[in-house]
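K.L.:
This is the structure I want to talk about, given as structure tokens.
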Amino acid sequence: MDFDFSENQTDLSDLAKTIFSDLSTSDRVAEIEKTDQRFDKNLWEALSDSGLLGITIPESYGGLGLGMVELSLVLEQQGRRVAPVPLFATSILGSWAIAQYGKNPQKEHWLREVCAGNQILTGAWTPQTNSTSLIAENDGNRWRVTGEKLAVPACNISNAVLVPVTIDENQRVAIISLEKKGVQNKIVETTNLELYGNLAFDAVELSEEDLLDEKGEIIFHEVSQRAKVGICAMVLGCCEEALTMTAQHVSEREQFGRPLSTNQGVALQAADAHIDIDGIKVTQLQAAWQIDEGLECSKAVSVAKWWASEAGQRIVVATQHLHGGTGADTTHPIHRYFLWVIQLADTLDGAGKSLNALGKLITEEALNKNI
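Under this note's numbering, the first residue of the sequence shown is numbered 503, with each subsequent residue one higher.
And the structure:
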């Protein structure tokens with residue numbers, strides 16, 4: 503079997519690597535961290551100009567019409583540069599569901615604008631954001647939605663949010679503009695210094711035109727699976743770059759007249775991190791491939807998320823430790839990779855919950871075979 507990437511996939515990864523490496527340098531990321539929005543507009547425009555904002559959006563709406571494997575390759579490069587752009591939020595939490603289950607007017611309105619870089623989308627899909635349900639009360643031909651969603655990514659710069667809503671005891675998904683009357687958006691800072699939003703909805707008016715077509719449970723499941731795989735891709739990129747930086751540091755830094763890399767304890771930690779990275783990579787790509795092939799991917803996604811959460815944290819703890827006192831200096835970029843992975847590891851289930859989910863799936867499968 504041929505496990506190599508296709509020529510188009512390799513070209514796409516190389517393009518993303520060039521854009522992120524050139525525009526999202528360590529100095530540039532540090533500069534953006536000091537701004538109010540924490541958003542690199544120049545990088546966002548470059549991603550738009552290259553077509554990378556529309557990877558999974560159909561070609562008929564201005565996108566590239568590609569799959570989860572291709573999006574993963576781009577998210578991996580974003581992780582390598584810890585680039586401050588809402589690619590994950592817009593591409594997975596927002597536009598994917600509209601592309602798959604939106605009405606034609608919704609697709610025309612949102613998808614082309616996303617590809618052009620003019621609209622930013624997000625979604626309230628994580629367990630944290632589901633702390634309370636949004637309940638819609640009938641108001642003639644419309645509904646009024648009340649409730650709250652916490653820790654919604656990129657809410658400080660997004661134009662609209664996709665949220666699960668309970669309507670007449672049925673789950674639906676709504677596209678709600680953050681400028682709508684009754685929407686309150688309280689911005690909060692996260693572990694990795696990104697800005698999220700705690701959203702409160704007070705009798706926000708909705709119509710059928712604001713709702714996606716499919717049942718909310720189906721959309722929620724499919725978006726959640728893709729979001730977990732996207733998170734794994736970003737963790738992979740973060741860990742790869744953190745280990746690369748660490749290898750350079752221990753090769754150049756000397757103690758007692760010799761490089762740190764010549765010490766066996768240092769070499770063993772770096773070797774373990776390298777093996778862990780391989781584990782994250784193969785499981786993440788396996789899950790992404792299964793999604794693109796339309797296969798049942800729940801087990802593969804749980805395995806990938808466990809590796810990203812468990813091994814990812816192990817890697818960045820080791821790379822931070824191997825930097826010694828330099829790792830405690832926030833003018834050095836290594837700490838950003840630590841913070842990103844620590845946050846991503848517990849987003850949409852940490853290692854423990856992923857392992858529990860996998861065990862439940864295996865048990866249910868065995869029980870069904872015995873019935």
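Glycine is no exception: its CB is placed at the ideal position from the N, C-alpha and C atoms.
1) Does the beta-carbon of D504 have 16 or more other beta-carbons within 10 angstroms, so that it is buried, or is it exposed?
2) With distance defined between alpha-carbon atoms, name the residue in I777, S800 and I782 nearest to L863.
3) Just curious, the beta strand (DSSP E) that A653 is in, first and last residue?
4) Run through DSSP, which three-state label would P560 get?
5) What's the C-alpha gap between S515 and D670?
6) Starting from K519, trace the alpha helix (DSSP H) in both directions and tell me its first and last residue.
7) Counting pairs of beta carbons, one from the region 588-595 and one from the region 639-649, are three or more of them closer than 8 Å?
8) Could you give the first and the last residue of the continuous beta strand (DSSP E) run that contains G625?
9) Rounding to the nearest angstrom, what Cα-Cα distance links G826 and A810 in this structure?
10) Take the Cβ of G767 as the centre, count every other Cβ of all protein chains shown within 10 Å, and call the residue buried at 16 or more, exposed below.
11) Express the C-alpha separation of L745 and L770 in angstroms, rounding to a whole number.
12) By how many angstroms is the C-alpha of K783 removed from the C-alpha of E696?
13) Counting C-beta neighbours from all protein chains within 10 Å, is the total for K651 16 or more, i.e. buried, or is it exposed?
14) May I ask you to verify whether the region 846-856 touches the region 733-748, counting CB pairs closer than 8 Å and requiring at least 3?
15) How about L860 and V805: do their beta carbons lie closer than 8 Å?
16) Hey, L573 and G553: beta-carbon distance below 8 Å or not?
17) Quick check: what's the CA-CA separation for L555 versus L589?
18) Between the Cα of Q673 and the Cα atoms of L714, E743, A585 and P560, which residue gives the shortest distance?
19) If you draw a straight line from the alpha carbon of A775 to that of A802, how long is it in whole angstroms?
20) Roughly how many angstroms lie between the CA atoms of L549 and R583, to the nearest whole one?
21) Indicate the three-state DSSP secondary structure (helix, strand or coil) for N687 in the structure shown.
22) How far does the beta strand (DSSP E) with E724 in it extend, from its first residue to its last?
23) What does the alpha-carbon distance come out to for the pair K445 and K543?
24) Quick check: Y563 and E716, are their CB atoms within less than 8 Å of each other?
25) Taking Cβ to Cβ, would you say A790 is nearer than 8 Å to V571?
26) Grouping DSSP H, G and I as helix and E and B as strand, with all else coil, what is E535?
27) Beta-carbon separation of A599 and L680 under 8 Å?
28) So, for V690: in the same chain, excluding its five sequence neighbours on each side, which residues have a beta-carbon less than 8 Å away from its beta-carbon?
29) How is A618 classed by DSSP in three states: helix, strand or coil?
30) With a CB to CB cut of under 7 Å and the five nearest residues on each side skipped, what residues in its chain are close to T832?
31) From which residue to which residue does the alpha helix (DSSP H) around D780 run?
32) Measure the C-alpha to C-alpha separation of W627 and Q786 and round it to an integer number of angstroms.
33) Using the rule of at least 16 other Cβ atoms within 10 Å of the residue's Cβ for burial, across every protein chain shown, is T624 buried or exposed?
34) Check the C-beta distance from H751 over to T828 and give it rounded, since I have them as a contact under 8 Å.
35) Does DSSP put A585 in a helix, a strand or coil?
36) I need the boundaries of the beta strand (DSSP E) containing I659, first residue and last residue.
P.N.:
By the coordinates alone:
1) exposed
2) Closest by alpha carbon: S800.
3) R644 to P655
4) coil
5) 45 Å
6) For K519, the enclosing alpha helix (DSSP H) starts and ends at E509 to L525.
7) no
8) Counting along the chain, the beta strand (DSSP E) containing G625 begins and ends at L623 to G625.
9) 24 Å
10) exposed
11) Straight through space, the alpha carbons of L745 and L770 are spaced by roughly 13 Å.
12) 25 Å
13) buried
14) yes
15) yes
16) no
17) 7 Å
18) L714
19) 22 Å
20) A straight line joining the alpha-carbon of L549 with that of R583 spans about 14 Å.
21) strand
22) Element bounds for E724: not the beta strand (DSSP E) but the alpha helix (DSSP H), G718 to E754.
23) This structure cannot settle anything about residue 445, because the visible part of the chain is limited to 503 through 873.
24) No, Cβ-Cβ distance for Y563 and E716 is not below 8 Å.
25) yes
26) helix
27) no
28) A653, L697, Y698, G699 and N700
29) coil
30) none
31) Q766 to D794
32) Rounded to whole angstroms, W627 and Q786 show a C-alpha spacing of 20 Å.
33) buried
34) Confirmed, about 7 Å.
35) coil
36) Membership of I659 in any beta strand (DSSP E) is not indicated, and neither H nor E is assigned to it by DSSP.
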